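In terms of numbering that gives the first Met the number 0, the sequence shown opens at residue 0 and continues consecutively. From the three backbone atoms N, C-alpha and C, an ideal C-beta is built for every residue, glycine too. Since the model is a prediction, treat every value here as computed from it, not as a measurement. Working notes for the structure below.
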Amino acid sequence: MSSEHESEESNLQIFFMMFLAMLIFYTIIGLFMEHKKPPIGHETGVIVVVGMLISFYIQRVKPEAVDLLEFNNVIFFQVCLPLIIFASGYNMKRKKFFDNIKNITKFGLVATILTFIIYSSLTVLLFRHVPLFKYNPNAKEGEDPYTQWSMNAAEIMLICSILCSSDIIAAVTIIKYEDQPKLFSIILGEGLANDAVAIILYQTMNSFAFEDAEFKPETTPFLIMGDFCK
0 MSSEHESEES NLQIFFMMFL AMLIFYTIIG LFMEHKKPPI GHETGVIVVV GMLISFYIQR
60 VKPEAVDLLE FNNVIFFQVC LPLIIFASGY NMKRKKFFDN IKNITKFGLV ATILTFIIYS
120 SLTVLLFRHV PLFKYNPNAK EGEDPYTQWS MNAAEIMLIC SILCSSDIIA AVTIIKYEDQ
180 PKLFSIILGE GLANDAVAII LYQTMNSFAF EDAEFKPETT PFLIMGDFCK
């Protein structure tokens with residue numbers, strides 16, 4: 000039993016060392032590509048390829064550590080994603096970021112929250128006034144394969160908190176900083192702010208979605224806002 004525990008600790012240490020090494024590599028490759036300006040490619044693509052190679056190596060050489068690579072949303076949202084956003088923020092032109100902080104705040108913070116509110120409101124109204132059905136492929140012969148589908152408000156807002164996030168990789172790859180520094184800085188800053196707001200919204204709604212408390216329109220939105228600000 001002791002040897003198994005020691006083996007798990009050893010595998011966990013290997014996992015975190017690999018993660019730290021990949022984070023350092025991601026930051027370095029970002030700085031290198033920012034300086035050299037390659038005609039094609041992005042640091043995200045490089046790190047994806049490296050991750051695939053490392054995963055292949057672990058599967059072949061150390062298969063007992065494969066379980067550590069299982070997706071864990073807590074580790075992803077609390078550890079991995081904030082550090083990735085930090086690396087992106089570290090590599091950006093900070094002077095231009097603060098020069099355009101008003102536009103970045105409007106698009107990254109205010110627009111993200113408005114998008115979340117609009118998505119959530121429309122979806123809640125849709126479920127309340129339009130009957131929706133889902134198909135069951137395992138239905139037996141003679142049974143109706145379509146059953147009515149319903150979601151409560153907290154579950155809807157949890158999904159909408161993910162849908163209100165945006166991806167800026169294609170945009171910042173096409174737009175060059177030297178040609179349009181203001182536009183590039185606004186898009187990059189908006190993307191980073193949008194990611195941060197979407198993460199906080201998801202964590203906030205995740206705590207409400209799995210509680211048995213009833214969603215009350217007159218109080219629950221204020222509780223959500225308070226938790227978000229905290």
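What do you get for Ala153, buried or exposed, if any count of 16 or more other CB atoms within 10 angstroms of its CB means buried? Position 154 of the sequence shown, counted from the start, is the residue given in the question as residue 153. Buried, because 16 or more other Cβ atoms sit within 10 Å of the Cβ of Ala153.
Below 8 Å, can you find three or more Cβ-Cβ pairs linking the stretch 80–89 to the stretch 194–207? yes
Assigned exposure category for Met156 - 16 Cβ within 10 Å defines buried: Mapped onto the sequence shown, residue 156 falls at position 157. So Met156 counts as buried.
With Gln147 as the anchor, note down where its alpha helix (DSSP H) starts and where it stops. Counting from one through the sequence shown, the residue named residue 147 turns up at place 148. Where Gln147 is concerned, there is no enclosing alpha helix (DSSP H), although the beta strand (DSSP E) it sits in stretches over 145–148.
By how many angstroms is the C-alpha of Ile174 removed from the C-alpha of Phe221? Translated into positions along the sequence shown, residue 221 becomes position 222. Translated into positions along the sequence shown, residue 174 becomes position 175. Roughly 39 Å separates the two Cα atoms.
Pull up the CB-CB distance for Ile185 and Ile103, whole angstroms please, since I reckon it's below 8 Å. Position 186 of the sequence shown, counted from the start, is the residue given in the question as residue 185. Position 104 of the sequence shown, counted from the start, is the residue given in the question as residue 103. With a Cβ gap of about 6 Å, Ile185 and Ile103 count as contacting.
Any idea what DSSP makes of Tyr176, helix, strand or coil? By 1-based counting over the sequence shown, the position of residue 176 is 177. Note: Tyr176 maps to coil in three-state DSSP.
Should Leu125 go down as buried or exposed, given a rule of 16 or more other Cβ atoms within 10 Å for buried? Translated into the one-based positions of the sequence shown, residue 125 becomes position 126. So Leu125 counts as exposed.
Let me know if Ser119 comes out buried or exposed under the rule of 16 or more other beta-carbons within 10 Å of its beta-carbon. For the purposes of this step, residue 119 is taken as the residue at position 120 of the sequence shown. So Ser119 counts as buried.
Assign Lys105 to one of three DSSP states: helix, strand, or coil. Here residue 105 corresponds to residue number 106 of the sequence shown, with the count starting at 1. Lys105 falls in the helix class under three-state DSSP.
Flag this pair as touching only if the stretch 39–54 and the stretch 13–29 have three or more C-beta atom pairs under 8 Å; answer yes or no. yes
Which residue's Cα is closest to the Cα of Ser149: His128, Ile223, Lys94, Ala138? In the sequence shown, residue 149 corresponds to position 150, counting from 1. Of the candidates His128, Ile223, Lys94, Ala138, the one whose C-alpha sits nearest the C-alpha of Ser149 is His128.
So, helix, strand or coil for Lys139, using DSSP? On the sequence shown, position 140 is the one that residue 139 refers to. The answer is coil: DSSP assigns Lys139 none of H, G, I, E or B.
Beta-carbon spacing of Gly107, Gly225 below 8 Å: What you label residue 107 is simply residue 108 of the sequence shown in a count that begins at 1. What you label residue 225 is simply residue 226 of the sequence shown in a count that begins at 1. The answer is no: Cβ separation not under 8 Å.
Please report the Cβ distance between Thr146 and Asn135, rounded to the nearest whole angstrom; I am assuming they are in contact, meaning their Cβ atoms lie under 8 Å. Here residue 146 corresponds to residue number 147 of the sequence shown, with the count starting at 1. Here residue 135 corresponds to residue number 136 of the sequence shown, with the count starting at 1. Contact holds; Cβ gap of about 6 Å.
Pick from Gly88, Phe76, Glu217: whose alpha carbon is nearest that of Thr203? Taking the sequence shown and counting its residues from 1, one reaches residue 203 at position 204. When only C-alpha atoms are compared, the closest one is Phe76.
Cβ-Cβ distance between Ile198 and Phe227 below 8 Å: Position 199 of the sequence shown, counted from the start, is the residue given in the question as residue 198. Position 228 of the sequence shown, counted from the start, is the residue given in the question as residue 227. Cβ atoms of Ile198 and Phe227: not closer than 8 Å.
Where in the stretch 31–67 do unbroken runs of the alpha helix (DSSP H), each at least 4 residues long, occur, reported from the N-terminal end onward? 42–60
Met0 by DSSP, collapsed to three states: which one? Numbered from its first residue, the sequence shown carries residue 0 at position 1. Low confidence applies here, because Met0 scores a pLDDT of 47, under 50, leaving its location unreliable; read the following figure in that light. Here Met0 sits in coil by DSSP.
Determine the DSSP secondary structure at Lys133, reduced to helix, strand or coil. Position 134 of the sequence shown, counted from the start, is the residue given in the question as residue 133. Strand at Lys133.
Rounded to whole angstroms, what is the Cα-Cα separation between Val123 and Lys229? Numbered from its first residue, the sequence shown carries residue 123 at position 124. Numbered from its first residue, the sequence shown carries residue 229 at position 230. About 26 Å.
Going by alpha carbons, who is nearest to Glu177 out of Lys92, Gly50, Phe31? Taking the sequence shown and counting its residues from 1, one reaches residue 177 at position 178. If we check each option's Cα against that of Glu177, Lys92 comes out closest.
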